[in-house]
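Numbering (the numbering used here), first residue to last: 1088 to 1344. So the structure is just underneath, and the comments pick up after that.
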């Protein structure tokens, strides 16, 4: 069979569409990973943030990631079988996914802006609930954050003096999680402030949560771009199939002069 330049172009466009579908399958895995990372990280900081709706963008991108696997199968089958109905379905689903990812970006920006107010409203209550025992969830959360982010207190280590735990212990010291990691003999005593982390935790918690939101936003934006490419290629293949006789001859195995 003689393949004309027009038919070669058709084959190239199909090949490009299949490449984009393969990229979407990889994107699906990455989206699910980002969503799972957000859930796991949020669990470490949820005591400092009351609004559970912040997880909505993460839920959506996990759902989108799962849907992308299904879309990839539809796209591959439709492209290989030259199914006009399948390609049309592929384009419609991609459009819906694209709109969903735009919604994720908008929600991400909304909740990112709310993080600072939420943490500021909540963090004082969490520190007042600290009792220094490991089974207590609030105590574990504070110790984890102070060690992980290398911070102490809300704004600095002196904030501990206003907590119920500090007044009850009466030993003029802060939790050992305030001690610098490199020091093995630190007791948390306020008489040795050089042994303690000097930076407060509130600003660092806000920064961490905002970073998490940015992961969601950038992931959604990147994969929205992939959806646009997929829709464009699928539309080109659809138009070729409808209007170009060379395309029909290629499917039938004929030649085109």
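The beta-carbon is built from N, C-alpha and C at its ideal position, and this holds for glycine as well. On a predicted model such as this, the values are computed, not experimentally measured, just so you know.
Distance between residue j and residue i (C-alpha atoms, nearest Å)
i	j	result
residue 1334	residue 1311	Confidence is the limiting factor: at residue 1334 the pLDDT is only 48, short of 50, which leaves the residue's position unreliable, though a coordinate-based value still follows. C-alpha separation (whole angstroms): 29 Å.
residue 1247	residue 1318	56 Å
residue 1255	residue 1216	12 Å
residue 1151	residue 1308	13 Å
residue 1284	residue 1174	58 Å
residue 1326	residue 1177	14 Å
residue 1181	residue 1120	20 Å
residue 1323	residue 1294	44 Å
residue 1315	residue 1149	19 Å
residue 1132	residue 1313	32 Å
residue 1229	residue 1214	7 Å
residue 1257	residue 1189	53 Å
Residue burial classification, residue i (beta-carbon count within 10 angstroms, cutoff 16)
i	result
residue 1251	exposed
residue 1054	Here the chain covers residues 1088 to 1344 and nothing more, so residue 1054 does not appear.
residue 1042	This structure gives no information on residue 1042, because the portion of the chain shown stretches from 1088 to 1344.
residue 1155	buried
residue 1268	exposed
residue 1301	exposed
residue 1289	buried
residue 1056	In this structure the chain extends from 1088 to 1344, so residue 1056 is not present and cannot be described.
residue 1238	buried
residue 1265	buried
residue 1172	exposed
residue 1193	exposed
residue 1055	Examination of residue 1055 is not possible in this model, given that the chain is present from 1088 through 1344 alone.
Continuous alpha helix (DSSP H) stretch holding residue i: start and end
i	result
residue 1253	1251-1256
residue 1065	As shown, the chain starts at 1088 and ends at 1344. That puts residue 1065 outside it, with no answer to give.
residue 1226	1224-1236
Cβ of residue i within 8 Å of any chain C Cβ
i	result
residue 1115	Among the chains in the structure shown there is no chain C, since it carries only a single protein chain.
*Counting Cβ pairs, one atom from each stretch, are 3 or more of them under 8 Å apart for the region 1205-1214 and the region 1120-1130?*
Flag = no, the region 1205-1214 and the region 1120-1130 do not touch.
_Taking contact to mean 3 or more Cβ pairs, one atom from each stretch, closer than 8 Å, check whether the region 1175-1192 and the region 1218-1229 are in contact._
Segments in contact, no.
*Say whether the region 1293-1309 touches the region 1267-1284, bearing in mind that this needs 3 or more beta-carbon pairs closer than 8 Å, one atom from each stretch.*
No contact exists between the region 1293-1309 and the region 1267-1284.
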